[in-house]
Amino acid sequence: YENHPAKGKLAIHKNGEALKDFDGDFRYEELALAGAVFEITAAEDIYTPDFQIGADGNRNMKYAKGTLMATVTTDEDGNAFVEELPLGKYCITEKKAPDGYVLTAKSEELEFVYKGQDTPVIDEEVTITDERQKVSITVEKQDAETGVVVAGAVFAIYNRQDIVSGGDVIVKADTKLGEA
């Protein structure tokens with residue numbers, strides 16, 4: 045019989061708001077996001093699981109803090125997996141956000157901890173939500189000669205192209221989106 049060290053299995057779930065509908069106001073729903081790229085790095089020095097001591101009197105290091113352990117991309121269900129991670133602490137950092145979303149600036153940290161001889165795989169998961177890109181528009185009408193603000197001016201905003209979400213046209217081109 046051969047003993048095998050316990051290993052970690054990481055599940056990353058990625059989601060964010062996606063445009064669902066437009067009825068004078070935009071409505072969004074939270075969906076799984078494909079195409080997010082993550083790097084998993086050692087958040088601490090990771091040592092061999094057998095507690096062996098080297099000639100220098102220190103535990104044998106397997107991976108130094110900061111070592112890149114894996115790079116993964118979320119699938120169409122917003123999931124990415126990393127298996128066979130040695131027990132220890134890891135940092136999950138988003139390196140590329142899906143199109144139309146803002147890169148998550150904060151890294152997530154988690155730890156795979158030994159749970160006993162009958163648990164060969166320790167499962168951990170993290171869910172990361174991206175913010176959609178947003179826009180804010182300020183319009184002010186001014187007198188062409190004096191530069192004085194003209195009170196009571198009304199502006200409307202129209203989209204030049206179809207607005208598409210998930211492959212569906214949500215708002216046709218030249219639709220009035222708002223008025224101020």
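Using the working numbering, the first residue of the sequence shown is number 45, and each one after it goes up by one. Each residue gets a CB set at the ideal place from its N, CA and C atoms; glycine is no exception.
Check, Outcome
"Using only alpha-carbon positions, find the residue among E83, F125, T171, E61 that is nearest to Q177.", "E61"
"Quick check: what's the CA-CA separation for D67 versus E120?", "28 Å"
"Go through its chain and collect everything with a Cβ distance to F156's Cβ below 7 Å, but skip five positions before and after it.", "G52, L129, L131, G132, I166, E168"
"Identify whether S209 lies in helix, strand or coil by the three-state DSSP scheme.", "strand"
"Do you know offhand how far K220's Cα is from N203's?", "7 Å"
"Would you call T171 buried or exposed, if buried means 16 or more other Cβ atoms sit within 10 Å of its Cβ?", "exposed"
"Does D162 come within less than 9 Å of chain B when only Cβ atoms are used?", "Here chain B cannot be found, since the structure has a single protein chain."
"Do T115 and F82 come within 9 Å of each other at the CB atom, strictly closer than that value?", "yes"
"What's the C-alpha gap between F95 and N104?", "7 Å"
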